[in-house]
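Protein chains: 2
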Amino acid sequence: MNPSSPLENVRIVLSHTSHPGNIGATARAMKTMGLTSLYLINPKQFPDKEAEIRAVNARDILNRITICTHLDQALDNTVLAAAMTARPRGLSHAMFNSRQGAQELLNYAQKHPVALVFGAETSGLTTAEVNKCQIIVHIPTNPDYSSLNLASAVQVMAYELRMALLGIEPPPQAPGTPASFNEIELFYHHLEQAMITSDFLDPEKPRRLMQRIRRLYARARLEKEEVSILRGILSALEKKI
Amino acid sequence: MNPSSPLENVRIVLSHTSHPGNIGATARAMKTMGLTSLYLINPKQFPDKEAEIRAVNARDILNRITICTHLDQALDNTVLAAAMTARPRGLSHAMFNSRQGAQELLNYAQKHPVALVFGAETSGLTTAEVNKCQIIVHIPTNPDYSSLNLASAVQVMAYELRMALLGIEPPPQAPGTPASFNEIELFYHHLEQAMITSDFLDPEKPRRLMQRIRRLYARARLEKEEVSILRGILSALEKKI
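Structure follows, in structure tokens:
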């Protein structure tokens with residue numbers, strides 16, 4: 001297997017899912033993040049119309065789904081399997097939160113198949129199922145209400161896998177040409193003159209007005225064209241005086 | 001307002017939502033992460049049975065929902081509003097990915113109300129709506145299929161907000177009191193009037209001047225006192241005309 005992205009090495013495994021709508025929504029959640037490989041273990045109802053509807057444009061994932069009768073089949077050939085669980089377990093697996101778990105899975109998925117295993121909507125994974133996995137992953141939630149929808153839990157993990165893949169880069173910045181020091185100084189000078197002309201600023205008692213103004217515009221990182229607009233407004237107002 | 005958690009200062013705003021099921025699923029997604037404050041702008045269908053069903057045990061959030069007819073009402077008193085958008089926009093605001101955006105919102109939410117604004121399922125936010133916000137937040141997705149379900153997008157952001165809360169650090173700078181949405185809108189209105197009075201802006205041919213102005217000041221994150229100074233300068237100039 002030589003996938004084009006490590007994300008294609010990540011299997012999402014849903015065990016004993018009750019609601020077919022959740023299977024469709026899971027397919028959609030996966031596809032939005034670039035995951036493609038979905039396994040079902042004894043789904044209560046599948047294929048199903050509701051799954052198709054909720055999958056929207058991710059029906060290709062439903063069409064390539066693998067249906068198993070036992071978790072062992074879904075974990076075939078994987079090198080790491082993570083059990084998703086909300087409850088603390090008496091078991092001594094390594095525990096990861098969702099972010100750390102995604103990173104750990106992705107490390108292995110660069111070269112090998114891995115699996116992320118989700119239990120039934122109400123009862124979660126059985127102890128026997130958790131014991132087939134090497135690590136436990138939990139999503140931090142509100143302690144008073146930790147009941148994530150199944151497909152929402154898949155969405156969060158698929159998202160974390162994609163974020164781990166991207167490795168978080170700085171965001172694209174606004175595309176305009178930044179104004180130069182000189183242009184900005186001329187603007188400050190222009191504004192100061194207008195403030196004096198209009199008696200807003202008394203040059204004898206300047207307080208710290210210009211300092212405040214500088215601080216404001218420094219935060220904005222003015223662009224060339226913006227300086228032109230601001231000076232244009234000032235000139236237009238001055239002309240009317 | 002003295003919420004017990006900064007997450008209670010984060011408003012989720014859904015604009016023109018088509019499917020009531022998504023409203024219920026949003027309430028559930030919010031509650032699992034500790035968010036409580038949901039605003040709807042002109043929902044197509046609400047209240048609704050399907051919303052109740054999808055909310056499961058988060059009906060308390062539906063019961064306390066605020067329904068508005070215009071985005072301005074939902075942003076009342078907020079100091080930072082983030083527009084969720086998948087598409088690149090011509091006049092780009094400061095762009096944050098979901099993780100950085102959540103951190104930025106949470107910094108402000110320690111003391112003040114903030115908002116995270118989601119558009120309609122199919123069409124997203126309008127340009128006018130985006131222009132009312134100070135930053136743009138996007139969730140990195142599969143470029144071939146970026147269509148997250150609305151409630152799933154809320155789930156991802158609510159999750160990132162909770163993760164940001166868990167890893168909380170003191171906010172980077174200790175600035176003045178941020179100006180509210182209302183104060184900033186009054187400033188824009190004042191500036192626009194001055195631009196018209198001085199013939200800098202032709203209301204018949206507004207070009208995209210006010211959009212440029214909004215973008216500039218959105219980046220600056222105006223403080224209360226700064227808005228007073230800017231409006232003071234405008235008033236002083238107007239008095240001389």
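Going down the list, the sequences are from chains V and R.
If you read the first sequence in UniProt numbering, its first letter stands for residue 1, the second for the next number, and so on.
If you read the second sequence in UniProt numbering, its first letter stands for residue 1, the second for the next number, and so on.
By construction, the Cβ of each residue, glycine as well, lies at the ideal position given by its N, Cα and C atoms.
Quick one: residues in its chain with C-beta nearer than 8 Å to the C-beta of residue i, no 5 flanking neighbours on either side, listed in chain order?
| i | result |
| --- | --- |
| Ser98(V) | Val137, His138, Ile139, Pro140, Val156, Met157, Glu160 |
| Ile168(V) | Residue placement at Ile168(V) is flagged as unreliable, the pLDDT there being 48, under the threshold of 50; a coordinate-derived value is accordingly withheld. |
| Glu223(R) | Pro175, Gly176, Thr177, Pro178, Ala179 |
| Pro43(V) | Leu14, His16, Thr17, Pro20, Ile23, Ile67 |
| Glu52(V) | Gly24, Arg59, Leu62 |
| Thr85(V) | Gly119, Gly124, Leu125, Val130, Ile136, Val137, His138 |
Near residue i, what residues of its chain come up, given a Cβ to Cβ distance below 6 Å and the 5 sequence neighbours on each side ignored?
| i | result |
| --- | --- |
| residue 242(R) | Nothing about residue 242(R) can be read from this structure; chain R reaches only from 1 to 241. |
| Asp48(R) | Pro20 |
| Met95(V) | Ile136 |
| Phe200(V) | none |
| Leu234(R) | His190, Ala194 |
| Leu209(V) | Leu201 |
| residue 296(R) | Outside the shown range of chain R (1 to 241) lies residue 296(R), about which nothing can therefore be said. |
| Pro171(R) | For Pro171(R), the predicted model reports a pLDDT of 45, less than 50, meaning its position is unreliable; a value from the coordinates is still stated below. Here the set comprises Asn107. |
| Asn149(R) | none |
Report back the beta-carbon spacing between residue i and residue j to the nearest angstrom; my notes put them in contact at under 8 Å.
| i | j | result |
| --- | --- | --- |
| Phe187(R) | Val227(R) | 5 Å |
| Leu62(R) | Gly24(R) | 7 Å |
| Thr69(R) | Ala151(R) | Not a contact, Cβ separation roughly 23 Å. |
| Arg212(R) | Ile229(V) | 6 Å |
| Val56(V) | Ser147(R) | 7 Å |
| Gln103(V) | Ala164(V) | 5 Å |
| Ala236(R) | Leu237(V) | About 10 Å; that fails the 8 Å criterion. |
| Arg221(R) | Gln134(R) | 6 Å |
What are the boundary residues of the beta strand (DSSP E) that residue i is part of?
| i | result |
| --- | --- |
| His138(V) | 135-138 |
| Thr66(V) | 66-68 |
| Ser15(V) | 10-15 |
Please determine, among the options, the residue with the shortest C-alpha to C-alpha distance to residue i.
| i | options | result |
| --- | --- | --- |
| Leu35(V) | Arg162(V), Leu237(V), Thr66(V) | Arg162(V) |
| Ala109(V) | Ser146(V), Leu80(V), Gln45(V), Ala128(V) | Leu80(V) |
| Ala153(R) | Ala74(V), Pro178(V), Ile12(V), Met33(V) | Met33(V) |
| Arg11(R) | Thr78(R), His19(R), Gln45(R), Arg219(R) | Thr78(R) |
| Lys240(V) | Thr197(V), Lys111(V), Leu148(V) | Thr197(V) |
| His93(V) | Ala58(V), Ala102(V), Ala83(V) | Ala83(V) |
| Glu225(R) | Glu238(R), Asp199(R), Ile184(R) | Ile184(R) |
| Ser18(R) | Glu121(R), Asp76(R), Arg208(R) | Glu121(R) |
| Asn107(V) | Ser235(V), Leu237(V), Ser5(V) | Ser5(V) |
| Leu166(V) | Pro143(R), Lys111(R), Phe46(R) | Pro143(R) |
| Arg54(V) | Leu75(V), Asp76(V), Leu105(V), Lys31(V) | Lys31(V) |
| Ile65(V) | Arg215(V), Leu40(V), Ala86(V) | Leu40(V) |
| Arg28(R) | Lys111(V), Val117(V), Tyr145(V), Arg215(V) | Tyr145(V) |
| Tyr217(R) | Val117(R), Phe181(R), Lys111(R) | Phe181(R) |
Please list, in chain order, all residues of the same chain as residue i whose beta carbon is under 7 Å from its beta carbon, the five residues on each side excluded.
| i | result |
| --- | --- |
| Asn2(V) | The predicted model places Asn2(V) with a pLDDT of 47, which falls under 50 and marks its position as unreliable, so this point remains unresolved. |
| Glu8(V) | Thr36, Ser37 |
| Arg231(V) | Phe187, His190 |
| Pro203(R) | Ile196 |
| Leu75(V) | Ala81, Ala115, Lys132 |
| Arg214(R) | Asn131, Tyr188 |
| Leu105(V) | Val10, Leu80, Ala82, Val114, Leu116, Leu161 |
| Gln45(R) | Pro20 |
| His112(R) | Asn9, Val79, Pro178 |
Residue i lies in the alpha helix (DSSP H); which residues open and close that run?
| i | result |
| --- | --- |
| Gly167(R) | Run containing Gly167(R): none; DSSP gives neither H nor E here. |
| Arg231(V) | 224-240 |
| Leu191(R) | 181-197 |
| Leu216(V) | 209-220 |
Runs of alpha helix (DSSP H) wholly within the segment 32-97 of chain V (minimum 4 residues, chain order)
49-55, 59-63, 71-74
Inside the segment 103-161 of chain R only - alpha helix (DSSP H) runs reaching at least 4 residues
127-131
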